[in-house]
Amino acid sequence: SPPTGNDEDQFVSWFKEWGEQFCIERLQYEQNIRDACINNGKNGKKCINSKSGQGDKIQGACKRKCEEYKKYISEKKQEWDKQKTKYENKYVGKSASDLLKENYPECISANFDFIFNDNIEYKTYYPYGDYSSICSCEQV
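Everything in the sequence shown is counted per full-length UniProt numbering, starting at 1 for the first residue and increasing by one.
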């Protein structure tokens, strides 16, 4: 089982720091995406990329922010895969994502398997990972 408190080794400590930082940055990306892709009209939230006519194309600031997030995730994926494998090989019984969720409230909403899934079919349906629904205006 994973070490706790003072028994924690350098790797786990470093991995947790990485995770906390990632989760905080991810939420900042979400905020940027929401700000760019959703505007608060008087009828509540309204998607900038409306589904009418040509409006369903992601464009402008919204597309930029979604692309930035996509790039960020692809940069972080290799780090995640390496650390997750190392952690789960060393400490059987608790997944890497559970470790981070239990330690950092910022990580609770992060579905790591979904975020870092690079299956081709998945990428077709979710081009912007876990924020695809906001980026494509399906969920506001």
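Beta carbons are placed, not taken as given, at the ideal position from N, Cα and C, and that holds for glycine. Just so we're clear, the structure is a prediction, and the values are computed from it rather than from any experiment.
Task: Selection from 77, 13, 38 that minimises the alpha carbon distance to residue 26 - done: Among 77, 13, 38, the Cα nearest to that of residue 26 belongs to 77.
Task: residue 85 to residue 99 span [Cα, whole Å] - done: Each residue's Cα considered, the two are about 13 Å apart.
Task: Nearest residue (CA-CA) to residue 74, options 30, 115, 88, 131 - done: Minimum Cα distance to residue 74 is reached at 115.
Task: Own chain, CB closer than 6 Å to residue 36, minus 5 neighbours either side, in chain order - done: Correct list, in chain order: 61, 62, 65.
Open item on the list: Just verifying my parser: in three-state terms, what is the DSSP assignment at residue 71?
Closed with: Judged by DSSP in its simplified three-state form, residue 71 adopts helix.
TODO: For residue 11, count neighbouring C-beta atoms within 10 Å of its own C-beta (all shown protein chains included) and say buried if the count is 16 or more, exposed if not.
DONE: Exposed is the call here.
Open item on the list: The alpha helix (DSSP H) that contains residue 133, what's its start and end?
Closed with: Start and end: 132-135.
TODO: Compute the Euclidean distance between the alpha carbons of residue 31 and residue 135, then round it to the nearest angstrom.
DONE: Their backbone Cα atoms lie some 12 Å apart in a straight line.
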